[in-house]
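*Asks:* In the UniProt record's numbering, the protein residues as written are 1 to 114. Every residue gets a Cβ at the ideal spot worked out from N, C-alpha and C, and that includes glycine.
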């Protein structure tokens, strides 16, 4: 069998919100492209879907994760707030720890496919 097993981590927050790989990928794309529209396009995601996810994330934490500016001479754009950077960094820390802790068990699970 080709390929490698991959662990995905989704966190169910106490307030009912969820944060997982899809939202983390969107945040990284916004940081990279400086625009929600460009990030959505890069991910083959509709702009309305990206806006919905951002609205969810902004409501799930004590402060917004994304800050946007509209139009003007510079054309506007979006960037991660300090909260957004913190959430993304903590999510990476959590997923790295989970991956390390589960590596042996995942290997055993995959060996059952052979």
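Please state whether the Cβ-Cβ distance between residue 62 and residue 79 is less than 8 Å.
*Replies:* If you number the chain shown from 1, residue 62 lands on position 62. If you number the chain shown from 1, residue 79 lands on position 79. Not in contact: residue 62 and residue 79 (Cβ atoms no closer than 8 Å).
*Asks:* Leaving out the 5 sequence neighbours to the left and right, which residues in its chain are closer than 7 Å to residue 1 when beta-carbon positions are compared?
*Replies:* In the chain shown, counting from the first residue as 1, residue 1 sits at position 1. Bear in mind that the predicted position of residue 1 carries a pLDDT of just 45, short of 50, making it too unreliable to give a figure here.
*Asks:* Does DSSP put residue 78 in a helix, a strand or coil?
*Replies:* The sequence position of residue 78 within the chain shown is 78, counting from 1. Residue 78 falls in the strand class under three-state DSSP.
*Asks:* Considering only residues of the UniProt domain "HTH lysR-type" (26-85), which uninterrupted alpha helix (DSSP H) runs meet the minimum length of 4 residues and lie entirely inside it, listed in chain order?
*Replies:* The qualifying runs are 36-42, 47-60.
*Asks:* Going by Cα to Cα distance, which pick from 4, 22, 5, 16 is closest to residue 91?
*Replies:* Residue numbering aside, residue 91 sits at position 91 when the chain shown is read from its first letter. With distances taken between Cα atoms, residue 91 lies closest to 22.
*Asks:* Using a Cβ-Cβ cutoff of less than 8 Å, which residues in the same chain neighbour residue 109 once the five nearest sequence positions on both sides are dropped?
*Replies:* One-based indexing of the chain shown puts residue 109 at position 109. The residues are 5.
*Asks:* In whole angstroms, what separates the C-alpha of residue 65 from that of residue 13?
*Replies:* Indexing the chain shown from 1 puts residue 65 at position 65. Indexing the chain shown from 1 puts residue 13 at position 13. The straight-line gap from Cα to Cα measures roughly 15 Å.
*Asks:* Looking only at its chain, what residues have a beta carbon closer than 8 Å to the beta carbon of residue 15, apart from the 5 residues adjacent to it on each side?
*Replies:* The count along the chain shown starts at 1 and reaches residue 15 at position 15. Cβ within range, chain order: 60.
*Asks:* Assuming residue 51 and residue 30 make a contact with CB atoms under 8 Å, what is their CB distance in whole Å?
*Replies:* By one-based count along the chain shown, residue 51 stands at place 51. By one-based count along the chain shown, residue 30 stands at place 30. The pair is not a contact, with the Cβ atoms about 11 Å apart (cut-off 8 Å).
*Asks:* How would you label residue 101, buried or exposed, when you count the other beta carbons within 10 angstroms and need 16 or more for buried?
*Replies:* Reading the chain shown from its first residue, position 101 is the one you call residue 101. Exposed is the call here.
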